[in-house]
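Asker: Residue numbers (our numbering), protein chains in the order written: chain U, 25 to 185; chain R, 14 to 316.
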C-alpha cells in the first residue's frame, strides 16, 4: 500500500467522522412546505424549519435532543402546564395525530388573545428515542382556520429523515 | 223506782244529744263540701277571692243563701258562676283564653312568655336552605365572546347577569340549574381553577322566620294598645315601641328576603386570566429551557 493510498484512506475516515459528529450537516426530519407558504432561511437556531404564509400564518419545527428521556405523556403534560399556567393560553383541544409514515403524536390547540385579536397556537409533538419534534403553527384565528387543511398536510407529511 | 226515775232522764238526754249531733254532722258535711269548693283557685282580682278565703262559718252562711235556689252544682263551677257575675269582661276572657292576655294599660309591655307558647306550637316545616356559589378561573381566549356566552347561558337557564367587567362576569342562575350552568361554562374553554361552595343557612333562616313572626304578632298587639291609649303620653310611648318594632320587622324581612334570594339563585363568577401572567412565579418549574420558548410571541417573530 503506497503512502498516497494510506493518506487517502485516512482522509476518508476523517471525513466520515466529521460528518457523523456534525449530524451529517442536516436535520433528523423531513418536511414539505405547503402551497401558499414560503420557507424562511437563517432563522433563529432554535427552529430547524420555518415557513410563513402571506397572511401571517407561521409554521415552525423544533428538533430537541431527547435528554433526559421521558414518554410522550410526560412531555405533553409539561407543555400543557407551561402554556396554561404560565403563559395564559387556553387549551382548546387535544387530539392524537398520525403521519403518513406512521409516526404517532399529540396535537394541542391553544387560544390566546393578543391586542384584542383572537389567535390560535397549535403544537404537535412527536417523541422518538433520540429526539422530540415540535411542530408549531400560529396565526390569527381566521387565517389558521382558513389554512387548516394545509397545516394538516404538514403534519401528515412530516417524517424522520 | 227512784233509781229508774233517775236512770231514764239521762237516757233520753243521751238519745237527744245523739240526734242533735247527727243532725249537726249532716249539716256540717254539706258546709264542708261547699267550703272545699270555695277554696278552688280563683282568678286574681276576682271578688270571689275574699269569699274563697273566708272561714267555714261564712261559707255555710253563703250556702244557706244559695241552696234554696238551685241544686248543688259540680265542685268547680260554683266558684266560676258565683264570681262570674261580678267579674269584668277582660278578666273573664283571661280565664277562658288558652294564653294570658296582657292587661290593658299604656305602660304594660307584652312579656316574651306571653308569646312563646303560640310560637312554639307553630310547626315550621324544616327544609334545608342552601346557598351555592362558585368561582371559576379560565384561560383567556376571545374574552368578549366568552363573556357573552356565559351571559347567554345564564339567561337560557332562567338566570340573569349580576355583574360584568372586561375580564370577569358574575351570573345568577336558579339553584336547580347550578350544575348545568357549571357544565356549560366548563365546556366553553379551559378551566384553570374551580371553587364551589355550599353554605347551609337553614338555622339562620328558621331563626329569622320565627323572630319575624313574633315581631309581627307583638306589633299587632301594640297597635291594639295604641287604640286604647288614654292620653298623649301613653300614645307616644306606644308609638315609640311600635316604631322600633316596625324597624326590627323591616330588618328581619330584609334579611329573610336576602337569604331566600341567595338560596333561590346560585352565584357563579367566572374570571378570565389576563394576557400576561409570566410575572406570577409558581413554585415549580421544569428545567427545560425550550419549554419557556414556546408560544406565539417567539413563533411569530420572523427575521
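From the three backbone atoms N, C-alpha and C, an ideal C-beta is built for every residue, glycine too.
Since the model is a prediction, treat every value here as computed from it, not as a measurement.
(1) So is residue 112 of chain U in contact with chain R if we call contact Cβ pairs under 7 Å?
(2) Check residue 190 of chain R in the structure and name its three-state DSSP category.
(3) Can you check whether the CB of residue 251 of chain R is closer than 7 Å to the CB of residue 235 of chain R?
(4) Taking only beta-carbon positions, decide if residue 119 of chain U is within less than 7 Å of chain R.
(5) Please return the same chain residues whose Cβ sits closer than 8 Å to the Cβ of residue 269 of chain R, not counting the five positions on each side in sequence.
(6) Would you mind listing the beta strand (DSSP E) stretches within the stretch 116-157 of chain U that are 3+ residues and don't spill past its ends, in chain order?
(7) If distances are taken between C-alpha atoms only, which option among U:180, U:93, U:82 and U:138 comes closest to residue 130 of chain U?
(8) If you drop the 5 nearest sequence neighbours on each side, which residues of the same chain put their C-beta closer than 6 Å to that of residue 162 of chain U?
(9) Is the stretch 58-71 of chain U touching the stretch 83-103 of chain U in the sense that three or more CB pairs, one from each, lie closer than 8 Å?
(10) Count the other CB atoms, across all protein chains shown, that sit within 10 Å of the CB of residue 228 of chain R; report buried if there are 16 or more and exposed otherwise.
(11) My parser needs the alpha helix (DSSP H) runs of 4 or more residues fully inside the stretch 242-285 of chain R; what are they?
(12) Quick check: the Cα distance between residue 283 of chain R and residue 148 of chain R, rounded to an integer number of angstroms?
(13) Could you work out which residue in U:96, U:157 and U:79 is closest to residue 169 of chain U when comparing CA atoms only?
(14) What residues in the stretch 66-94 of chain U bring their beta carbon closer than 8 Å to a beta carbon of chain R?
(15) Could you tell me whether the stretch 294-309 of chain R touches the stretch 198-218 of chain R, where touching means 3 or more Cβ pairs closer than 8 Å?
(16) If the cut is a Cβ gap below 8 Å, which residues of chain R does residue 107 of chain U touch?
(17) Let me know the alpha helix (DSSP H) ranges lying completely inside the stretch 161-230 of chain R, each 4 residues or longer, listed in chain order.
(18) List the DSSP bridge partners of residue 89 of chain U.
(19) Got a sec: is the Cβ-Cβ distance from residue 181 of chain U to anything in chain R below 7 Å?
(20) Please state if the CB of residue 67 of chain U and the CB of residue 87 of chain U are separated by a distance shorter than 7 Å.
(21) What is the rounded straight-line gap between the Cα of residue 302 of chain R and the Cα of residue 194 of chain R?
(22) Since residue 180 of chain U is in the alpha helix (DSSP H), which residue starts that stretch and which ends it?
(23) Take residue 211 of chain R as the anchor and find which of R:277, R:315 and R:267 has the nearest alpha-carbon.
(24) Can you tell me whether DSSP reads residue 107 of chain U as helix, strand or coil?
(25) So, does the CB of residue 47 of chain U fall closer than 7 Å to a CB anywhere in chain R?
(26) Would you please verify whether the beta carbon of residue 168 of chain R is less than 7 Å from any beta carbon of chain U?
(27) Determine the burial state of residue 237 of chain R: buried for a count of at least 16 other Cβ atoms within 10 Å of its Cβ, exposed for fewer.
Answerer: With the given structure in hand:
(1) Position 88 of the first chain, counted from the first residue, corresponds to residue 112 of chain U. Judged by the 7 Å Cβ criterion, residue 112 of chain U is in contact with chain R.
(2) In the second chain, counting from the first residue as 1, residue 190 of chain R sits at position 177. Helix at residue 190 of chain R.
(3) Numbered from its first residue, the second chain carries residue 235 of chain R at position 222. Numbered from its first residue, the second chain carries residue 251 of chain R at position 238. Result yes, Cβ atoms of residue 235 of chain R and residue 251 of chain R sit closer than 7 Å.
(4) The residue given as residue 119 of chain U occupies position 95 in the first chain. For residue 119 of chain U, the answer is no, since every Cβ of chain R falls outside 7 Å of its Cβ.
(5) Against the second chain, residue 269 of chain R aligns to sequence position 256. Correct list, in chain order: 218, 221, 222 and 225.
(6) 128-138 and 141-151
(7) Reading the first chain from its first residue, position 106 is the one you call residue 130 of chain U. Closest option to residue 130 of chain U, Cα to Cα, is U:180.
(8) Stepping through the first chain from its first residue, residue 162 of chain U is reached at position 138. Cβ within range, chain order: 82 and 145.
(9) yes
(10) Translated into the one-based positions of the second chain, residue 228 of chain R becomes position 215. Buried, because 16 or more other Cβ atoms sit within 10 Å of the Cβ of residue 228 of chain R.
(11) 245-277
(12) The residue labelled residue 283 of chain R in the question sits at position 270 within the second chain. The residue labelled residue 148 of chain R in the question sits at position 135 within the second chain. If you take the alpha carbons of residue 283 of chain R and residue 148 of chain R, they lie about 6 Å apart.
(13) As a first step, residue 169 of chain U is located in the first chain; it is residue number 145 there, counting from the start. With distances taken between Cα atoms, residue 169 of chain U lies closest to U:79.
(14) 66, 67, 68, 70, 74, 76, 80, 82, 84, 86 and 88
(15) no
(16) Mapped onto the first chain, residue 107 of chain U falls at position 83. Those are 307 and 308, listed as they occur along chain R.
(17) 191-199
(18) Walking along the first chain from the start, residue 89 of chain U turns up at place 65. Residue 89 of chain U pairs with U:155.
(19) One-based indexing of the first chain puts residue 181 of chain U at position 157. Not closer than 7 Å to any Cβ of chain R, the Cβ of residue 181 of chain U fails to qualify, so no.
(20) Locating residue 87 of chain U in the first chain gives position 63, counting from the first residue. Locating residue 67 of chain U in the first chain gives position 43, counting from the first residue. No, Cβ-Cβ distance for residue 87 of chain U and residue 67 of chain U is not below 7 Å.
(21) Position 289 of the second chain holds residue 302 of chain R. Position 181 of the second chain holds residue 194 of chain R. Those two C-alpha atoms are separated by around 40 Å.
(22) On the first chain, residue 180 of chain U is found 156 positions in, with the first residue counted as 1. Here the alpha helix (DSSP H) through residue 180 of chain U covers 172-180.
(23) Sequence index remark: in the second chain, residue 211 of chain R carries index 198 (1-based). Nearest of R:277, R:315 and R:267 to residue 211 of chain R, Cα basis: R:277.
(24) Taking the first residue of the first chain as 1, we reach residue 107 of chain U at position 83. It is helical.
(25) Along the first chain, one-based indexing puts residue 47 of chain U at 23. With a pLDDT of only 41 at residue 47 of chain U, under 50, the local geometry of the prediction cannot be trusted, and the value read off the model is given with reservation. No, residue 47 of chain U does not count as interfacial toward chain R.
(26) Position 155 of the second chain holds residue 168 of chain R. Chain U, which has no Cβ nearer than 7 Å to the Cβ of residue 168 of chain R, makes this no.
(27) Counting from 1 along the second chain, the entry for residue 237 of chain R is found at position 224. Label assigned to residue 237 of chain R: exposed.
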